[in-house]
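Working notes, beginning with the structure itself.
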Amino acid sequence: MPEAIRFGDICKGHDCHVPRPNDEASSDVIINDLGAHRLGDHWETHCCGSSCHDSVAAEGSPDVIVNGKPLCRVDDLTVCGSPMGLTHSPDVIVNG
């Protein structure tokens with residue numbers, strides 16, 4: 549069962565694009581003192597040489613909803629294809 553993604557958690561990166569944190573989350577649903585990260589929330593820019601891009605969360609739980617948006621989990625993807633979850637909640641399991 550995948551763990552929840554929170555504000556500031558780091559993705560796993562893709563290709564040679566390095567892992568980077570998200571910078572958007574719920575302001576009123578809190579997991580381990582951090583906002584819950586949801587479908588459509590923003591991820592900071594990451595680069596591979598001169599190729600740089602930011603992204604947003606592209607996947608989330610089908611049945612755990614935060615502020616009307618699916619809650620993101622470990623291994624859900626961003627639009628650029630980076631899996632979430634290099635860091636994550638240590639004790640909040642989604643769909644468990």
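Taking the working numbering as reference, the numbering of the sequence shown is continuous, increasing by one, and the terminal residue is 644. Note that CB positions come from ideal geometry on N, CA and C, so glycine has one too. Computed from a predicted structure; not experimentally measured.
- Counting along the chain, E592 sits inside the beta strand (DSSP E) bounded by residues H590 to C596.
- By the neighbour-count definition (other C-beta atoms within 10 Å, threshold 16), N570 is a buried residue.
- Here L582 carries a strand assignment [DSSP, helix/strand/coil].
- Cβ atoms of A573 and L587 stay farther apart than 8 Å, at about 12 Å.
- In the three-state reduction of the DSSP assignment, C620 falls in the coil class, being assigned neither a helical nor a strand state.
- Around the C-beta of C595, fewer than 16 other C-beta atoms lie within 10 Å, and the residue is accordingly described as exposed.
- Between G608 and D624, the C-beta gap is smaller than 8 Å, which places the two residues in contact.
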